[in-house]
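In the numbering used here, the protein residues as written are 3 to 427.
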């Protein structure tokens, strides 16, 4: 009864409903030093931003970028190394580690553009669809998603001149299907295109927390399975969110493959879930970089959440820890972000610390995993249990004067030795 009160009536008044409401808060209260702002701290020139095609990333075109000969060589290196290390019982690559990695990768629902579409709609149940204000709608979505397991939730209104450009123009290979917006009432999918209605003007963006402890074991299977488990949880919620929106009487449109709808970290930054950073992922106030992100699009009206500033981009200028510790040296060592992309896998129009993604992926092959060192060595990858950490983060958010001293203190307190490439091709 309590859950029905929370989700069905944002202004619940019964004692039981109020009690459950007090327990199931939609989002943890943020620290005072997290400020809402009108623009993200990463500079964006929206006029020069174009909708990107997902297959141009190294997920889809790595063989093209590094050449067939090197691609074959590194894929063989990966296969041979994994077999050898498992036979040797190398820590992080044992049969037990492999088994756990395989297990947590299982369970992601099938990806469908319109969602599973198994939940009954209000029309099918013979009742009117849910109607609420954008603020009410955002609240029930946030509460429902927190119940499903999301860490943080935000909302972005899609504007054709700005934020809608974060939706991919074409989905991943091998289909490379165009994703288009049209003036239709309900979207649809064909072999030729995926159609999102112009009226579907809102993106729901959310995060899933990753384990800091297991990520510290990267680059091994123990570190890699952190990501696998996070994606399993991330997209289980994705399917559930599709069904929740459908059961309210509205439509939603999403990815047909992992990370296949649009630039999820950028959308998360626009929705106030974190700031973009030197490692080209969002860093959140609650969990640092230890999150994975996703978003889907809906015609359910939602009150947008603003971008935030808590000093990350400014701190990244002086820190450089992730770039220093990166074994492939794929991350930028420049003090300031740049407008210049590193290759065709980068999307122009924003000022960022663009990475050499091919170097990164080459190293993945050599160690057999997805690395993750840049995540685990980030100074923000520290919990807030100690009050000192809160004081430091509050200081960073309000002044850059002590950034150099704080970087040196972090290096002294949490020394890290970068892994060396096995063979830098």
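Where is the CB? At the ideal position from N, CA and C, for every residue including glycine. Source: prediction; values computed, not measured.
| query | result |
| --- | --- |
| Cut-off 7 Å between Cβ atoms - residues of its own chain near residue 282, not counting five sequence neighbours on either side | 354, 355, 357 |
| Residue 298 versus residue 287 - alpha carbon distance | 22 Å |
| Alpha-carbon spacing of residue 394 relative to residue 181, whole angstroms | 43 Å |
| Within 9 Å, strictly: CB atoms of residue 312 and residue 402 | no |
| Exposed unless 16 or more other CB atoms sit within 10 angstroms - verdict on residue 58 | buried |
| For residue 352, the residue or residues it bridges with in DSSP | 46 |
| Spatial distance of residue 26 from residue 152 (CA atoms) | Caution is warranted here: a pLDDT of 38 is assigned to residue 26, below 50, making its placement in the model unreliable, and the coordinate value is therefore given only provisionally. Going from the Cα of residue 26 to the Cα of residue 152 covers about 13 Å. |
| Beta carbon of residue 156 nearer than 9 Å to that of residue 206 | yes |
| Residue 24 classed as buried or exposed, judged by whether at least 16 other C-beta atoms fall within 10 angstroms | Here residue 24 scores only 38 on pLDDT, less than 50, and its place in the model should not be relied on; the value that follows carries that caveat. It counts as exposed. |
| Candidates 379, 295, 142: closest to residue 249 by CA position | 142 |
| Where residue 124 falls: helix, strand or coil (DSSP) | helix |
| Minimum C-alpha distance to residue 276 - residue among 239, 341, 292 | 292 |
| Neighbourhood of residue 103 by C-beta distance below 7 Å, restricted to the same chain and skipping five residues each side | 223, 226, 227, 230 |
| First through last residue of the alpha helix (DSSP H) which encompasses residue 231 | 223 to 250 |
| Rounded distance between the beta-carbons of residue 334 and residue 294, thought under 8 Å | That pair is no contact at about 22 Å. |
| Identity of the residues DSSP links to residue 87 by a beta bridge | DSSP, once it has assigned bridges, lists no residue as partnering residue 87. |
| Cβ-based burial, residue 54 [other Cβ within 10 Å; buried from 16] | buried |
| 8 Å Cβ shell around residue 304 - same chain, five flanking residues per side excluded | 136, 139, 140, 143, 157, 159, 204, 206 |
| For residue 38, the residue or residues it bridges with in DSSP | 310 |
| Residues near residue 45 by beta carbon distance below 6 Å, same chain, minus five either side | 353 |
| Local Cβ density within 10 Å of residue 264, reported as buried at 16 or more and exposed below that | buried |
| Whole-Å CB distance - residue 326 paired with residue 380, under 8 Å assumed | That belief does not hold up - the Cβ atoms of residue 326 and residue 380 are roughly 11 Å apart, past 8 Å. |
| Inter-stretch contact at 8 Å, needing at least 3 Cβ pairs: the stretch 232 to 246 / the stretch 105 to 112 | yes |
| 7 Å Cβ shell around residue 366 - same chain, five flanking residues per side excluded | 372, 373 |
| Within 9 Å, strictly: CB atoms of residue 258 and residue 133 | no |
| Residue 205, DSSP secondary structure in three states | strand |
| Check whether residue 429 and residue 252 have beta carbons under 9 Å apart | Nothing about residue 429 can be reported from this structure: the residues present for the chain run from 3 to 427 only. |
| Beta-carbon proximity list for residue 221, same chain, < 7 Å, skipping 5 on both sides | 369, 371, 373, 374, 375, 421 |
| Sequence-distant residues of the same chain with beta carbon closer than 6 Å to residue 51, five excluded per side | 167, 351 |
| Residue 248 Cβ short of 8 Å to the ligand MN heavy atom set | Of the ligands one can find in the structure shown there are none, so the ligand MN has no counterpart to examine. |
| Range of the contiguous alpha helix (DSSP H) that encloses residue 377 | 375 to 379 |
| Helix, strand or coil at residue 196 according to DSSP, with G and I counted as helix | strand |
| Beta-carbon proximity list for residue 314, same chain, < 6 Å, skipping 5 on both sides | 277, 279, 285 |
| For residue 96: DSSP bridge partner residues | None; residue 96 has no bridge partner. |
| Minimum length 4: unbroken alpha helix (DSSP H) runs contained in the stretch 280 to 350 | 314 to 321, 323 to 327 |
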